[in-house]
Amino acid sequence: MFSKDIMAVNIGDSIIKIIVGNKSNIKLCESIKTPAESIVNGKMVNLDVVALALRKFINKNNINVKRISFAINGQDIVIRQIETPIMKDKEIKKSVDWEMNQYLREEGSNHYIDFEKVDTVMSEDKKVYKLLVAAAPRDKVDQLVELSKTLNMKLISVDVLSNCIVRAFQNFGITSKEMESIAVIDIGYENTSIIILEKGKFFIERVVPFGLNNIVREISRKNGIDIEEAFTYIDDKYDINSLNNDDETEKRIETLFENVYSTFAKVIQFYTSNNTKKSIDEIFIIGSGCKIKGIDRFTSNYFSIKTTIADSPEIIKLNAKFSKEVDFKSFVSTFGLLLRKE
């Protein structure tokens with residue numbers, strides 16, 4: 001493999017998603033089960049076991065890549081938009097650190113703080129940089145640094161998952177004038193998030209601790225079946241738009257989704273209420289939760305906004321080649337690691 005190739009890794013409580021390659025050439029795209037009780041609530045509690053699982057995957061697939069990047073997410077990560085005057089990066093860093101420490105208070109020293117310039121405004125009224133700032137717990141990042149050393153790989157980046165998603169969808173702000181504002185709903189195993197992009201740039205994110213695992217556990221508990229059988233139930237029998245009113249499980253799942261979407265509706269309302277000309281042109285759904293039949297129609301009906309499942313690179317205007325066997329919608333966010341500018 002070429003030296004520019006990277007092993008992009010997204011470690012969740014249930015699944016580890018891995019892509020090997022670069023932004024234009026994907027060599028390998030697979031997921032493996034996260035070792036039991038090695039990741040709890042997004043935190044690595046057994047680094048050695050995770051390292052062993054990744055090493056087995058590397059050896060099994062004869063991966064020779066020496067560079068690795070990780071995506072992180074969770075409610076313990078803080079993301080803010082900040083404006084600063086035009087100045088050198090060193091001064092920007094001081095300003096950003098001060099701003100975030102005002103928000104984090106005594107927790108500030110326990111976080112790594114970094115920023116990315118997303119826009120430059122040079123008008124008569126103001127001359128500023130628009131920044132996207134992230135603060136991540138030091139222990140969460142330090143574990144990944146240690147993991148890369150254990151794997152004997154060079155760590156290229158530890159990036160926030162929302163940044164990765166924004167990169168994957170940023171072409172809408174560049175190539176599509178009729179679609180200036182979009183929302184991306186990522187239904188994962190542990191969390192579900194909504195990200196609003198305006199002209200291809202991050203505007204706001206909200207993460208809710210609800211995911212496919214909540215639904216699977218509900219089905220397992222209500223029907224007296226194991227987790228694997230519950231997944232099969234979702235694949236074969238469940239359609240969120242064909243609600244059986246006599247089935248308590250199905251009604252409960254619908255209620256859970258409506259609770260999450262109620263939170264997201266407030267995020268959309270916040271975005272649109274500040275400017276009457278703003279509206280969400282389309283919602284895209286990604287993540288493992290896309291396997292729920294009819295989730296796109298359910299989402300569209302709830303928000304009264306056109307909704308599409310991003311099940312191919314072409315749908316989101318990406319010039320990338322994935323094998324047809326790959327469940328692209330589950331790997332969109334991980335692929336965003338390969339789109340990072342080094």
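According to UniProt numbering, the stretch in the sequence shown is residues 1 to 342, in order.
A virtual CB, placed ideally from N, CA and C, is assigned to each residue, including glycine.
Computed from a prediction, not measured in an experiment: that's the story for all the values here.
Between which two residues does the alpha helix (DSSP H) carrying Arg221 extend?
Here residue 221 corresponds to residue number 221 of the sequence shown, with the count starting at 1. Residues Leu212 to Asn223.
Can you list, in chain order, the residues of its chain whose CB lies under 8 Å from that of Ile15, leaving out five sequence neighbours each side?
Within the sequence shown, residue 15 is the residue found at index 15, counting from 1. Around Ile15: Ser31, Ile32, Lys33, Thr34, Tyr189 and Ser288.
Quick check on the burial criterion: 16 or more other C-beta atoms within 10 angstroms. Buried or exposed for Phe270?
On the sequence shown, residue 270 is found 270 positions in, with the first residue counted as 1. Classification for Phe270: exposed.
Could you give the distance in angstroms between the alpha-carbon of Val133 and the alpha-carbon of Ser220?
Taking the first residue of the sequence shown as 1, we reach residue 133 at position 133. Taking the first residue of the sequence shown as 1, we reach residue 220 at position 220. Rounded to whole angstroms, Val133 to Ser220 spans 40 Å at the Cα level.
With a threshold of 16 other CB atoms inside 10 Å of the CB of Ala310, please say whether the residue is buried or exposed.
Taking the first residue of the sequence shown as 1, we reach residue 310 at position 310. Flag for Ala310 reads buried.
DSSP three-state label for Gly289, please.
On the sequence shown, position 289 is the one that residue 289 refers to. Gly289: helix per DSSP, three-state reduction.
What residue does the alpha helix (DSSP H) around Met179 start on, and which one ends it?
Looking up residue 179 in the sequence shown gives position 179. First-last for Met179: undefined, no H or E at that position.
Over the uninterrupted alpha helix (DSSP H) stretch that includes Val78, give me the two end residues.
Start at 1 with the first residue of the sequence shown, and residue 78 comes out as number 78. Val78 -> not in any alpha helix (DSSP H); beta strand (DSSP E) instead, spanning Val78 to Pro85.
From the DSSP output, which residues share a beta bridge with Asn22?
Looking up residue 22 in the sequence shown gives position 22. According to DSSP, which records beta bridges pairwise, Asn22 is partnered with Asn25.
From Ser95 to Thr84, what distance separates their C-alpha atoms?
In the sequence shown, the residue the question calls residue 95 occupies position 95. In the sequence shown, the residue the question calls residue 84 occupies position 84. So the alpha carbons of these two residues sit roughly 8 Å apart.
Considering Tyr189, what are the terminal residues of the beta strand (DSSP E) in which it resides?
Position 189 of the sequence shown holds residue 189. Here Tyr189 belongs to no beta strand (DSSP E), and DSSP marks it neither H nor E.
Consult DSSP for Phe2 and reduce its assignment to one of helix, strand or coil.
The residue given as residue 2 occupies position 2 in the sequence shown. Only weak support is given to the placement of Phe2: the predicted model assigns it a pLDDT of 48, under 50, and the value that follows is read from those uncertain coordinates. In this structure, Phe2 counts as coil in the three-state DSSP scheme.
Taking Met100 as part of the alpha helix (DSSP H), name the residues at either end of that continuous run.
Numbered from its first residue, the sequence shown carries residue 100 at position 100. Here the alpha helix (DSSP H) through Met100 covers Asp89 to Leu104.
I'd like to know if the segment 254-271 and the segment 287-306 are in contact, where contact means that at least 3 CB-CB pairs between them fall below 8 Å.
Output reads yes: the segment 287-306 touches the segment 254-271.
Answer yes if the segment 150-165 comes into contact with the segment 71-86, meaning at least three C-beta pairs across the two stretches below 8 Å, and no otherwise.
In short, these stretches touch, since the Cβ pair count reaches three.
Tell whether a beta-carbon distance below 8 Å holds between Lys154 and Leu131.
For the purposes of this step, residue 154 is identified with residue 154 of the sequence shown, where counting begins at 1. For the purposes of this step, residue 131 is identified with residue 131 of the sequence shown, where counting begins at 1. No, Cβ-Cβ distance for Lys154 and Leu131 is not below 8 Å.
Is the CB-CB distance between Ser333 and Asp186 below 8 Å?
Here residue 333 is taken as the residue at index 333 of the sequence shown, counted from 1. Here residue 186 is taken as the residue at index 186 of the sequence shown, counted from 1. Contact: yes.
Can you give the Cα-Cα distance for Ala136 and Arg80, rounded to whole angstroms?
On the sequence shown, position 136 is the one that residue 136 refers to. On the sequence shown, position 80 is the one that residue 80 refers to. For Ala136 and Arg80, the distance between alpha carbons rounds to 12 Å.
Could you give the uninterrupted runs of the alpha helix (DSSP H) lying entirely in the segment 277-323, keeping only those of 4 residues or more?
DSSP runs (the alpha helix (DSSP H)) wholly in the segment 277-323: 295-303.
Go ahead and pull the three-state DSSP assignment for Val253.
Taking the sequence shown and counting its residues from 1, the one referred to as residue 253 is at position 253. Reading off the sequence shown, one finds Ile at residue 253, where the question assumed Val. DSSP places Ile253 in helix when its eight states are reduced to three.
To the nearest angstrom, how far is the alpha carbon of Ile86 from that of Ile285?
Reading the sequence shown from its first residue, position 86 is the one you call residue 86. Reading the sequence shown from its first residue, position 285 is the one you call residue 285. Their Cα atoms are separated by approximately 36 Å.
Tell me, to the nearest whole angstrom, how far the beta carbon of Arg67 is from that of Ile6; I am working on the premise that it is less than 8 Å.
Position 67 of the sequence shown, counted from the start, is the residue given in the question as residue 67. Position 6 of the sequence shown, counted from the start, is the residue given in the question as residue 6. Correct: roughly 5 Å between the Cβ atoms.
Please identify the residue among Leu144, Asp119 and Lys4 whose C-alpha is closest to the C-alpha of Ala51.
Here residue 51 refers to the residue found at position 51 when the sequence shown is read from its first residue. Measuring from the Cα of Ala51, the nearest candidate turns out to be Leu144.
Hey, quick one: how far does the alpha helix (DSSP H) through Val332 stretch, first residue to last?
Position 332 of the sequence shown holds residue 332. Val332 -> alpha helix (DSSP H) spans Phe328 to Phe335.
Going straight from the alpha carbon of Asp89 to that of Asp281, what length do you get?
Counting from 1 along the sequence shown, the entry for residue 89 is found at position 89. Counting from 1 along the sequence shown, the entry for residue 281 is found at position 281. Whole-angstrom Cα-Cα distance: 35 Å.
Quick check: what's the CA-CA separation for Phe2 versus Asn64?
Here residue 2 is taken as the residue at index 2 of the sequence shown, counted from 1. Here residue 64 is taken as the residue at index 64 of the sequence shown, counted from 1. The predicted model places Phe2 with a pLDDT of 48, which falls under 50 and marks its position as unreliable, so this point remains unresolved.
Would DSSP call Ile63 helix, strand or coil?
Taking the first residue of the sequence shown as position 1, residue 63 is located at position 63. It is coil, neither helix nor strand.
Could you give the DSSP three-state label for Val45: helix, strand or coil?
As a first step, residue 45 must be located in the sequence shown, where it is residue number 45. DSSP places Val45 in coil when its eight states are reduced to three.
Cα separation between Glu325 and Ile82?
Here residue 325 refers to the residue found at position 325 when the sequence shown is read from its first residue. Here residue 82 refers to the residue found at position 82 when the sequence shown is read from its first residue. Cα-Cα distance, rounded: 41 Å.
Between the beta-carbon of residue 344 and the beta-carbon of Ala8, is there less than 8 Å?
Here the chain covers residues 1 to 342 and nothing more, so residue 344 does not appear.
Taking DSSP as the reference, what is the three-state secondary structure of Arg340?
In the sequence shown, the residue the question calls residue 340 occupies position 340. DSSP places Arg340 in coil when its eight states are reduced to three.
Does the beta-carbon of Arg217 have 16 or more other beta-carbons within 10 angstroms, so that it is buried, or is it exposed?
In the sequence shown, counting from the first residue as 1, residue 217 sits at position 217. Classification of Arg217: exposed, given that the 10 Å Cβ count is below 16.
Note down, in chain order, each residue of its chain lying with its Cβ closer than 8 Å to the Cβ of Lys222, except the 5 sequence neighbours on either side.
Numbered from 1 along the sequence shown, position 222 holds the residue referred to as residue 222. Excluding sequence neighbours, Lys222 sits near Glu248, Thr249 and Arg252.
Could you check what DSSP says for Asp236 in three-state terms: helix, strand or coil?
Locating residue 236 in the sequence shown gives position 236, where the first residue counts as 1. Asp236: helix per DSSP, three-state reduction.
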